[in-house]
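Participant: Just dropping this structure here.
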């Protein structure tokens, strides 16, 4: 499941930035303990061109320990982050919006992210599209809602990630079944999207 997401992300990033990701600036909203930013370093980004914003102090501290000092991290509400407008090639969020249950706050954060994106850049989005019946603290963000959050963007999206309950069951039977079941788009629960900002 993780490897599939990594492959899809890397393919998308290379289509966007060619082979020279080291020249791209990227900011992650809700960077947690730094796992995604470490992944971006492995993909070829330069630490000096990466930033992360995290609300929770404990996760921020974990990220600071895990990541190079040249990589800028900020603690606090991303909506209040001191980020220069139009400074980022990519603003990335991974399963942040599905944890925001207030529509107005979702829009406020989306507006801030869009403000930070350079013309010709975009928002890189990975999140649930369906609700989790076992977790009332998350809410799926369908593709229609993603488009509404970024009305000025051009959205390129694909469904990824086999539904976790299905994935757990089939992997118990045999790991190779994951790929077989994941070939059915209706069984995928996440969207990976590039929301492009017009160059002018």
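Residue numbers (this note's numbering): 1 to 200.
Each residue gets a CB set at the ideal place from its N, CA and C atoms; glycine is no exception.
Work out the CA separation of residue 99 and residue 134 for me, nearest whole Å.
Facilitator: Sequence index remark: in the chain shown, residue 134 carries index 134 (1-based). Sequence index remark: in the chain shown, residue 99 carries index 99 (1-based). C-alpha separation (whole angstroms): 14 Å.
Participant: Alpha carbons only, please: which of 3, 97, 125 and 74 is nearest the one belonging to residue 39?
Facilitator: What you label residue 39 is simply residue 39 of the chain shown in a count that begins at 1. The candidate whose alpha carbon is nearest that of residue 39 is 3.
Participant: Let me make sure I understand the geometry here. Which of 189, 153, 56 and 64 has the alpha-carbon closest to that of residue 196?
Facilitator: Looking up residue 196 in the chain shown gives position 196. Comparing alpha carbon positions, the residue from 189, 153, 56 and 64 closest to residue 196 is 153.
Participant: Mind checking whether residue 147 and residue 155 have CB atoms under 8 Å apart?
Facilitator: Your numbering for residue 147 matches position 147 in the chain shown. Your numbering for residue 155 matches position 155 in the chain shown. Contact: yes.
Participant: With a cut-off of 8 Å, do at least 3 Cβ pairs link the segment 87 to 95 to the segment 53 to 71?
Facilitator: no
Participant: Mapping the DSSP letters down to three states, classify residue 96 as helix, strand or coil.
Facilitator: Here residue 96 refers to the residue found at position 96 when the chain shown is read from its first residue. Looking at residue 96 - three-state DSSP - the assignment turns out to be coil, as it is neither helix nor strand.
Participant: Select from 145, 14 and 136 the residue whose C-alpha is nearest the C-alpha of residue 103.
Facilitator: Within the chain shown, residue 103 is the residue found at index 103, counting from 1. With distances taken between Cα atoms, residue 103 lies closest to 145.
Participant: With distances taken from CA atoms, which of 160, 199, 200 and 22 is nearest residue 192?
Facilitator: Residue numbering aside, residue 192 sits at position 192 when the chain shown is read from its first letter. Ranking the options by Cα distance to residue 192, first place goes to 160.
Participant: Shortest alpha-carbon distance to residue 9 belongs to which of 29, 42, 101 and 114?
Facilitator: Along the chain shown, one-based indexing puts residue 9 at 9. Of the listed residues, the one whose Cα sits closest to residue 9 is 42.
Participant: On the DSSP bridge assignment, give the partners of residue 152 in chain order.
Facilitator: The residue you call residue 152 lines up with position 152 of the chain shown. In the DSSP output, where bridge partners are listed per residue, residue 152 has none listed.
Participant: Go through its chain and collect everything with a Cβ distance to residue 131's Cβ below 8 Å, but skip five positions before and after it.
Facilitator: By one-based count along the chain shown, residue 131 stands at place 131. Taken in chain order, the residues that qualify are 138, 139 and 140.
Participant: Can you tell me the Cβ-Cβ gap for residue 190 and residue 127, rounded? I've got them flagged as a contact below 8 Å.
Facilitator: Walking along the chain shown from the start, residue 190 turns up at place 190. Walking along the chain shown from the start, residue 127 turns up at place 127. The pair is a contact, with the Cβ atoms about 6 Å apart (cut-off 8 Å).
Participant: Could you give the DSSP three-state label for residue 22: helix, strand or coil?
Facilitator: Counting from 1 along the chain shown, the entry for residue 22 is found at position 22. The answer is helix: DSSP assigns residue 22 an H, G or I state.
Participant: Taking the beta strand (DSSP E) that residue 120 falls in, what are its first and last residues?
Facilitator: For this step, residue 120 is matched to residue 120 along the chain shown. Unbroken beta strand (DSSP E) run through residue 120: 117 to 128.
Participant: Would a C-beta distance cut-off of 8 Å place residue 77 and residue 55 closer than the cut-off?
Facilitator: Locating residue 77 in the chain shown gives position 77, counting from the first residue. Locating residue 55 in the chain shown gives position 55, counting from the first residue. Contact flag set, yes.
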